[in-house]
Structures are given as C-alpha cells and as structure tokens.
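In this text, residue positions in the sequence shown follow the numbering used here: the first is 181, and each later residue adds one. Idealized CB from N, CA, C, for every residue including glycine.
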Amino acid sequence: MSLVELIAQADERGLAASGLACLDRCVPLLGGDDEVLRPLWASLSAGGGDWAGNLDKARGALDAADEPESAEDDAALLARRMLDTVPAELSGAGVREWADACSAASLRIHRLLEPAEDAMDADDDWVEYHREGRTDGVSHLVAAELRRQVTVLELLAEHGAGGLRLALDVSTEGRRVLRAVVSRRARGRV
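Okay, here's the thing in structure tokens:
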C-alpha cells in the first residue's frame with residue numbers, strides 16, 4: 181500500500197504515532213534533545229495518558245531550546261509548524277489532518293536537507309507523487325524517510341499498541357540520520 185493509503189486506513193493511535201514519529205525525526209531542527217518527545221510516546225502507550233500535559237512540556241522544552249542547529253530556515257520552519265499544530269486531543273479529524281500534514285512536511289524537510297539534490301521542487305505535487313508510492317527519481321534521504329513513514333504505519337496496523345516501541349525505534353534511527361545530515365551541513369558552512 182502507498183503511504184497515502186496507509187494514512188487513510190490508520191486508526192487514531194496509528195495516526196498519532198505516525199505524526200509523532202515524523203516530528204520526532206525532525207527534532208534536531210528544533211534544537212531539542214533525543215528524549216524531549218519521549219513522554220508523548222509514553223502517553224500513546226497509555227492510551228492517551230496525559231497527552232495534553234506532556235505536549236505542553238515538550239513545547240516548553242523545545243521553545244526553551246537553543247537556536248536550531250541548522251541554518252536551513254525552511255526546514256526548521258516546517259518542523260516548528262509540525263510541533264505547533266500537534267492536536268491537544270487524540271481523537272477526531274484533527275489527528276488525521278495533523279498526521280497527513282506531518283508526513284508531507286517531513287518529506288519536504290528531508291528533500292530540503294538532501295545534500296546531493298536541488299530541493300527547490302518539493303512542492304505539493306512532488307510530495308503527493310512520492311506519497312502515492314512512486315519512488316523514481318527520489319533521493320536516498322527522501323527514500324529512507326518514505327520507508328520509515330510506511331514502516332511506522334504498518335507496525336501500528338499490524339501490532340496495535342504493541343507496535344509503538346517498534347515505531348519509536350524506527351523514529352530514533354531516522355532522528356540519528358537527520359541529526360548527522362544537519363551536523364554535516366553545519367560543518368560545511370564553517
């Protein structure tokens with residue numbers, strides 16, 4: 181199934197995990213540490229837990245974080261928008277809209293940060309083309325992000341709440357990759 185189809189079929193927990201995983205992978209652009217979103221993952225595991233309270237804490241920590249490690253203003257702005265639009269409740273159409281927007285934003289971010297590509301063509305048509313399952317002409321960084329997004333949704337569809345730990349592992353791997361890309365780009369500008 182394509183990423184678009186997986187998002188359309190996902191339940192609220194799967195959607196929330198998908199959006200959170202996209203945001204988690206992009207935390208390096210917000211200057212946050214690797215644990216800043218961990219309480220939100222725990223909330224998902226607890227069936228929602230104190231999602232709103234943990235969201236406020238995460239936003240506070242990321243607002244207090246140093247300036248983004250990357251001078252890639254567009255990528256950092258997309259990551260900030262993902263954080264700013266996290267729904268306070270894990271139900272209703274808001275979760276689906278947020279997860280879908282996070283998916284698209286994360287692909288754009290990875291396209292913008294791709295060192296070997298001209299990232300100026302990451303418009304809506306480009307994003308939807310690749311989210312529908314077409315991978316021709318896609319860079320390695322974007323292809324890996326597409327795979328991670330699909331994997332997270334498949335894990336949640338297959339394992340339910342039991343897939344959250346596996347989804348977090350997938351997200352952690354992606355965050356490490358993005359942190360390395362951001363760091364490499366910063367060193368190249370020095």
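| Asked | Found |
| --- | --- |
| Close beta carbons around S283, own chain, < 8 Å, minus the five adjacent residues each side | L183, I187, S198, G199, C202, R311, Q329 |
| Contacting residues, own chain, Cβ-Cβ under 7 Å from D230 (five flanking each side not counted) | S223 |
| Outcome for E215 when other beta-carbon atoms lying within 10 angstroms are tallied against a minimum of 16 | exposed |
| The stretch 206-221 touching the stretch 351-359, judged by at least three CB pairs closer than 8 Å | yes |
| Unbroken alpha helix (DSSP H) run spanning P219, endpoints | 218-225 |
| Spatially closest choice to H339 from A273, V266, G194, S351, by CA coordinates | G194 |
| I289 and A268 closer than 8 Å at C-beta | no |
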